[in-house]
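Trainee:
In my numbering, the protein residues as written are 887 to 1177.
#1: Specify the secondary structure class of residue 1134 as computed by DSSP and reduced to three states.
#2: Across the region 1073-1092 and the region 1125-1136, are there enough close Cβ pairs to call them in contact, namely three or more that are closer than 8 Å?
#3: Relative to the alpha-carbon of residue 922, which residue among 891, 900, 952 has its alpha-carbon at the smallest distance?
#4: Three or more C-beta pairs under 8 Å: does that hold for the region 1036-1047 against the region 1089-1108?
#5: Put residue 917 into one of helix, strand or coil per three-state DSSP.
#6: Tell me residue 1011's beta-bridge partners as DSSP assigns them.
#7: Helix, strand or coil, according to DSSP, for residue 1115 in the structure here?
#8: Is residue 1148 buried or exposed, if buried means 16 or more other CB atoms sit within 10 Å of its CB?
#9: Around the C-beta of residue 1204, are 16 or more other C-beta atoms found within 10 angstroms, so that it is buried, or is it exposed?
#10: Rounded to a whole number of angstroms, what is the C-alpha to C-alpha distance between residue 943 and residue 934?
#11: Three or more beta-carbon pairs under 8 Å between the region 944-962 and the region 911-919, yes or no?
#12: Smallest Cα separation from residue 924: which of 1123, 1175, 1006?
#13: Assign residue 1111 to one of two classes, buried (16 or more other C-beta atoms within 10 Å of its C-beta) or exposed (fewer than that).
#14: Could you give the distance in angstroms between the alpha-carbon of residue 1120 and the alpha-carbon of residue 1073?
#15: Can you name the start and end residues of the alpha helix (DSSP H) that residue 1154 belongs to?
#16: For the region 1034-1081, which segments carrying the beta strand (DSSP E) assignment without a break, of at least 3 residues, lie completely within its bounds, in sequence order?
#17: Can you look up residue 984 in the DSSP assignment and give me helix, strand or coil?
#18: Assign residue 1067 to one of two classes, buried (16 or more other C-beta atoms within 10 Å of its C-beta) or exposed (fewer than that).
#19: Would residue 1096 be called buried (16 or more neighbouring beta carbons within 10 Å of its own) or exposed?
#20: Would you decide whether residue 996 is buried or exposed? Buried here means 16 or more other CB atoms lie within 10 Å of its CB.
#21: How is residue 1142 classed by DSSP in three states: helix, strand or coil?
#22: In whole angstroms, what is the alpha-carbon distance linking residue 1098 and residue 1010?
#23: Three-state secondary structure (DSSP) at residue 1084?
#24: For residue 901, which option in 939, 988, 1170 has the closest C-alpha, if you only look at C-alpha atoms?
#25: Which term fits residue 982, buried or exposed, when burial requires 16 or more other beta carbons within 10 angstroms of its beta carbon?
As structure tokens, then:
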């Protein structure tokens, strides 16, 4: 079993024209060391990109390479800390995106293209996403946080309210938009421009998914950060405190939710999506039937 990872953190969004962030590079560096020290990834098999090296082309190329050399029993992990957004397509559907330092935004469709030959029953492909896609500006809270989502123009939000029926999450790696059926409803504009919607709970796990996604928050929530770390990544660091750390996906998600609520309050709730049949398997370990 070989473990590989692509780790990305972007603070500097001057090229893209969005608000800079403060903790994403530090998050990525901390996650790099966490993967190496606690989950026993070989440092030569972990590719770290921050700010000016975290271009769209570099990220895409690294993910394609990592997946192309993955064999049965291997682990492939992609971690991203930075801004997220929404990219509307036809038919009332939108892709969630992650936003690199420069170049085009990256969607789940791009992940699916990179993973076209990947057999999810053989390779554990895990996505860890410390960003959000809700838009708007964050309400003032007791935490001096910055929000990891770009601000949407009112015209853009109103168009989504009128048309949005389906959202393809970044990180589940489905082959096409038909994998989901009108999975959002009651789309509205909340406080500060927040895009709110109800998500169909029966479509969190999709049979066609090729990956397991740990996301920082629900779709109608913000992923916050302090000057040190994002709340989501800080929770990873707090919970994973030993070498060769072992825990199953479902239990780890439950602990992440509890810890993020301690740090950020109930307004940010980590999510898990993707391959339901692997929830009892160990996090960042090769599938038991492939070892």
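Just so you know, even glycine gets a beta-carbon here, dropped at the ideal spot from N, CA and C.
None of the values given here were measured: they were computed from a predicted structure.
Mentor: Reading it off the structure:
#1: strand
#2: no
#3: Of the candidates 891, 900, 952, the residue whose Cα lies closest to the Cα of residue 922 is 891.
#4: no
#5: Residue state, collapsed to three classes: helix.
#6: 962
#7: coil
#8: By the beta-carbon neighbour count (other beta carbons within 10 angstroms, threshold 16), residue 1148 is exposed.
#9: The structure shown does not extend to residue 1204, since the chain spans only 887 to 1177, so no value can be given for it.
#10: 14 Å
#11: Short answer: they don't touch.
#12: 1123
#13: That one is buried.
#14: 31 Å
#15: Element bounds for residue 1154: n/a, residue is neither H nor E.
#16: 1052-1054, 1070-1075
#17: strand
#18: exposed
#19: buried
#20: buried
#21: helix
#22: 8 Å
#23: strand
#24: 988
#25: Residue burial annotation: residue 982 is buried, with at least 16 other C-beta atoms found within 10 angstroms of its C-beta.
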